[in-house]
Each structure stands twice: as structure tokens, then as C-alpha cells.
Ligand code: C2E
Ligand code: MG
Ligand code: MG
Ligand code: MG
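Residue numbers (the UniProt record's numbering): 409 to 700.
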């Protein structure tokens with residue numbers, strides 16, 4: 409069943425990317441109805457403390473269970489959702505669902521756990537976004553510090569003055585903000601300094617090549633030191649090997665995320681991961697959650 413074991417794995421070729429116009433129009437219609445038909449679900453991928461191995465944050469990652477095409481990943485429908493004007497509703501559903509899940513995990517005793525949600529380019533300028541997020545948090549008896557919004561560096565670069573103002577509003581509410589895919593968006597250091605963010609997420613591409621490229625290794629090291637000097641957290645994305653994890657630990661990277669620790673898991677499996685994390689921490693590195 410698609411939602412169980414391999415929920416992290418998705419198809420890589422949807423009609424949005426194919427030539428046939430009729431098929432693409434149908435696909436957009438499907439997307440329009442997907443929310444009401446309950447075809448979306450969230451997977452969760454842990455961000456691990458590099459020194460203790462504890463799960464600090466779960467990142468929510470959306471999936472679409474399409475009746476015909478199977479499991480579809482966000483890269484294949486989020487851009488379409490944005491251009492079709494559907495992202496506001498989908499984005500609101502993601503925040504609602506992720507907060508409801510965090511509240512359940514909190515009730516299960518994971519009191520320190522935080523949730524991270526990805527925000528699309530089109531969501532940031534929405535009027536009233538901060539207020540609506542505040543309302544969701546209140547309803548689930550969560551505080552703004554429990555939620556982290558991940559915004560890609562390229563989005564922040566698009567309209568930097570406006571973005572900065574929008575970020576300020578979210579920050580004033582007390583949310584944590586992080587720059588996703590850090591290192592890929594050509595931000596100037598002077599601009600970065602002005603952003604009210606608490607963390608960088610070092611792009612997977614640098615981690616992926618750090619074992620064979622001296623340049624990547626240097627970029628990882630520089631980004632980690634930059635974060636430290638600015639007083640920010642940094643998460644290394646896409647950690648797949650023990651060597652990468654070890655190198656990143658030696659560089660002082662505080663948080664790690666990637667298949668080495670866990671693939672994105674459906675809610676039930678993520679709950680088991682958290683439970684295992686709490687009882688017998690070293691066991692989470694092998695067996696059920698080992699990288700596939
Ligand atoms: P992202 O936020 O940078 O998420 C990381 C992506 O890398 C995820 O792909 C994750 O499954 C994958 N990943 C994690 N660890 C590893 C690893 O060790 N190796 C490799 N090869 N990949 C790894 P996914 O779930 O397909 O998401 C892709 C992108 O879609 C995300 O990138 C994010 O920008 C966007 N996205 C996901 N969920 C949402 C959502 O709810 N709303 C919006 N607006 N965008 C979303
Ligand atoms: Mg992200
Ligand atoms: Mg990322
Ligand atoms: Mg990425």
C-alpha cells in the first residue's frame with residue numbers, strides 16, 4: 409500500500425511534465441479536486457541533533473495519492489498548484505494538518521518536538537498569513553515557537569524588500585523561519601544579514617558531493633561557520649552516508665537530516681520512529697528505519 413512502507417518514494421513523471429495538452433488539463437482538474445477528495449497526505453522527515461541523535465524537528469512533506477498515476481511528489485504538482493491558484497488552499501491544509509499532527513505527538517509525550525512546514529513562493533505574499541497561522545496554532549494549543557517555516561533562498565531573492573517585510577510579520581508572531589536550499593540562491597551576505605531567520609538548511613547538493621569535491625567540502629564548512637558566526641542554527645540536508653554525517657559533525661553542524669537517519673515517513677511510521685527514538689536511541693539507526 410502506497411501510504412505504508414515506501415511513502416517517501418514518489419513517481420518522477422506526471423502529466424504536468426508531459427506533452428499531451430488534454431492530459432495536462434485533466435491533471436490540473438484532478439489537482440483542483442484532490443483536496444476535497446482527501447488525496448493529499450503528509451510525510452514527515454526527522455531533523456536529528458548531530459551530537460545526541462535525538463529528533464528535534466519533523467519536516468512535513470506533501471504527497472498526492474493520485475487514483476490513476478499513483479504517488480506523486482511535490483516537485484511535480486506544487487508549481488502547477490501555484491500557477492493554477494490552488495496553493496493558498498493546499499498550503500493552508502498543510503499547515504492545519506501538520507499542526508494537528510504535532511499536537512498529537514505532543515500529547516504522546518514528545519514535548520520538545522517542533523514541526524517544520526515548507527512555504528511556497530506564492531504563500532509568502534498572502535495577506536493575513538501570519539494571523540491565520542496564529543489561529544491554527546492557538547486552536548491546537550501550540551505556540552509560534554513550535555512551528556518553523558522553511559522558505560527557499562530563491563523565493564526570498566525574488567522580491568527581497570517585500571519578502572523581508574513579510575518575514576518580519578511572521579517573525580513578530582514568534583514563528584521560527586529558515587532558509588531552505590541554502591547556498592543555491594545567490595543571496596548576498598549583506599542581504600542575508602537583514603533577514604529575520606533563525607536557521608539555514610544547507611542544500612543537499614553540497615552534502616551529496618562533499619566526499620569527492622574539495623569545493624563542496626569547503627562550502628559546507630563555510631556555511632556552517634557563517635551560521636555559527638551569525639548566531640543561527642544550520643541543518644545539513646540529504647545526509648545519506650555515515651562519512652558525510654561524521655564530516656558534518658566534525659565541522660560543528662548542529663542538525664542533520666537525510667536518508668541515513670530516515671526517509672520521509674507517513675504519520676504512523678513517523679510516530680513509531682519518535683517512540684523508538686525515545687526508548688532505545690541507537691536502535692533507530694538499524695532495522696526498520698535503515699536507509700533503503
Ligand atoms: P525540501 O524542502 O528541500 O525537501 C527535501 C527533499 O529532499 C524532499 O523531497 C525529501 O524527500 C528529499 N530528501 C530528504 N533526504 C534526502 C536524502 O538523503 N537524499 C535524497 N536524494 N533526497 C532526500 P520531496 O518530499 O520530494 O520534496 C521536494 C520539495 O518540494 C521540497 O524540498 C519542498 O521545497 C517542496 N515541498 C514539499 N512539501 C511541500 C509543501 O507542503 N508545500 C510546499 N509549498 N512545498 C513543499
Ligand atoms: Mg524543506
Ligand atoms: Mg531543502
Ligand atoms: Mg531541496
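Cβ atoms here follow ideal geometry from the backbone N, Cα and C, with glycine treated the same way.
Counting only heavy atoms of ligand 2, the residues whose C-beta sits closer than 5 Å to one of them are, along the chain, 526, 558, 588. In the DSSP assignment, residue 558 falls within the beta strand (DSSP E) that extends over 555 to 560. Taking a 10 Å sphere around the C-beta of residue 633, we find fewer than 16 other C-beta atoms and assign the residue as exposed.
In the DSSP assignment, no residue is bridged to residue 619.
Secondary structure at residue 452: strand, using DSSP grouped into helix, strand and coil.
Here the alpha carbon of residue 453 sits roughly 13 Å from the alpha carbon of residue 644. In the structure shown, the three-state DSSP call for residue 516 is coil. With 16 or more other CB atoms across the displayed protein chains lying within 10 angstroms of its CB, residue 666 is buried. Going by beta carbons, residue 535 and residue 583 fall outside the 7 Å limit.
The beta carbon of residue 590 sits closer than 7 Å to those of 561, 608, 609, 610, 611, 631, all from its chain and outside the five residues before and after it, given in chain order.
Residue 442 and residue 650 have their C-alpha atoms some 39 Å from each other. Our two residues, residue 685 and residue 475, have alpha carbons roughly 34 Å apart in a direct line. In this structure residue 533 is exposed. Its beta-carbon is surrounded by fewer than 16 other beta-carbon atoms within 10 angstroms. Listed in chain order, the non-local C-beta contacts of residue 457 below 6 Å within the same chain comprise 464, local neighbours out to five positions each way being set aside. Residue ranges of uninterrupted beta strand (DSSP E) with 3 or more members, entirely inside the segment 478 to 509 and ordered along the chain, are 478 to 480.
Rounded to whole angstroms, the gap between the alpha carbons of residue 517 and residue 554 is 14 Å.
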